[in-house]
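Chemist: Residue numbers (the numbering used here): 3 to 183.
For every residue, glycine included, the Cβ atom is placed at its ideal position computed from N, Cα and C.
Just so you know, these numbers come straight off a predicted model, no measurement behind them.
1. Going along the chain, which unbroken runs of the alpha helix (DSSP H) with 4 or more residues stay wholly within the segment 87-169?
2. Take residue 22 as the anchor and find which of 118, 152, 153, 130 has the nearest alpha-carbon.
3. Curious, which full-length alpha helix (DSSP H) runs of at least 4 residues does the segment 54-81 contain?
4. Under 8 angstroms by Cβ, that's how I've got residue 184 and residue 43 pegged, so tell me the actual separation to the nearest angstrom.
5. What residues in its chain sit with their C-beta under 6 angstroms from that of residue 64, if we drop five residues either side in the sequence?
6. If distances are taken between C-alpha atoms only, which option among 12, 16, 31 comes closest to residue 123?
7. What residue from 118, 116, 144 has the CA that sits closest to residue 128's CA?
8. Starting from the C-beta of residue 38, find all residues in its chain whose C-beta is less than 6 angstroms away, skip the five residues before and the five after it, and write them out in chain order.
9. So which of 138, 109, 148 has the shortest CA-CA distance to residue 55?
10. Among 9, 16, 33, which has the Cα closest to the Cα of residue 142?
11. Where does residue 6 sit, in a helix, a strand or coil, going by DSSP?
12. For residue 41, I'd like the list of residues in its chain whose CB is within less than 8 angstroms of its CB, leaving aside the five on either flank, ordered along the chain.
13. Return the chain-ordered list of same chain residues with a C-beta closer than 7 angstroms to the C-beta of residue 139, the five sequence neighbours on each side being excluded.
14. Taking 8 angstroms as the cut-off, decide whether the C-beta atoms of residue 73 and residue 51 are in contact.
15. Rounded to whole angstroms, what is the Cα-Cα separation between residue 154 and residue 47?
16. Could you pull out every residue in the same chain whose Cβ sits closer than 7 angstroms to the Cβ of residue 87, ignoring the five residues on either side in sequence?
In structure tokens, the structure reads:
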């Protein structure tokens, strides 16, 4: 009887590859955002998530929803919101209907910075995926992410999946085999 279940070993190996891909992509995007705009990946993500809020029912996110969207604990999200509020990029105010609720909105300065940073973010993300596609161990994961992006676009219309820039139909990233090859 083997000491380690081969299925679990394979799962662990796949998880390790996914973790490696995530780390490489996040590191490249982090460097680009920091050097170009003085933003971390988490700060960019928070501004992006909050910029997508809207007026009306369900338009403003509760802090737990924001925390889930940026993959941080509620306390870490609150600290991040405070840092960005101190920089004048966010503002907080009480909910009109529930005085216990606090909303967070992106200020004009925050929207301007986000608009400036978005092309940097998207270009760094694209380069990171293109580089990862050249690594034979990571290429299948990159193809899977690209396929998810293509499928999401087909189901939702013209908007790309957040964070993964759209490619023209039929194109592939350098180093990524065309479908069916």
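Modeler: In terms of the structure at hand:
1. The DSSP assignment places 110-135, 141-158 as complete runs of the alpha helix (DSSP H) inside the segment 87-169, in order along the chain (cut-off: 4 residues).
2. Nearest C-alpha to residue 22 among 118, 152, 153, 130: 130.
3. Complete alpha helix (DSSP H) runs here, min 4: 65-72.
4. Nothing can be reported for residue 184, as the shown portion of the chain is limited to 3 through 183.
5. Closer than 6 angstroms at the Cβ level, and outside the excluded window around residue 64, lies no residue.
6. Nearest of 12, 16, 31 to residue 123, Cα basis: 31.
7. Distance from the Cα of residue 128 is smallest, within the candidate group 118, 116, 144, for 144.
8. Apart from sequence neighbours up to five positions away, the residues of its chain that approach residue 38 with a beta-carbon distance below 6 angstroms are 122, ordered along the chain.
9. The shortest C-alpha separation from residue 55 is found at 109.
10. Per the C-alpha coordinates, the member of 9, 16, 33 positioned closest to residue 142 is 16.
11. The answer is coil: DSSP assigns residue 6 none of H, G, I, E or B.
12. Sequence-distant Cβ neighbours of residue 41 in its own chain, meaning closer than 8 angstroms and more than five residues away, are 35, 49, 115, 119.
13. 19, listed in sequence order.
14. If you check the CB distance, residue 73 and residue 51 do not come in under 8 angstroms.
15. Linking residue 154 to residue 47 through their CA atoms gives a straight-line distance of about 19 angstroms.
16. The answer, listed in chain order, is 93, 94.
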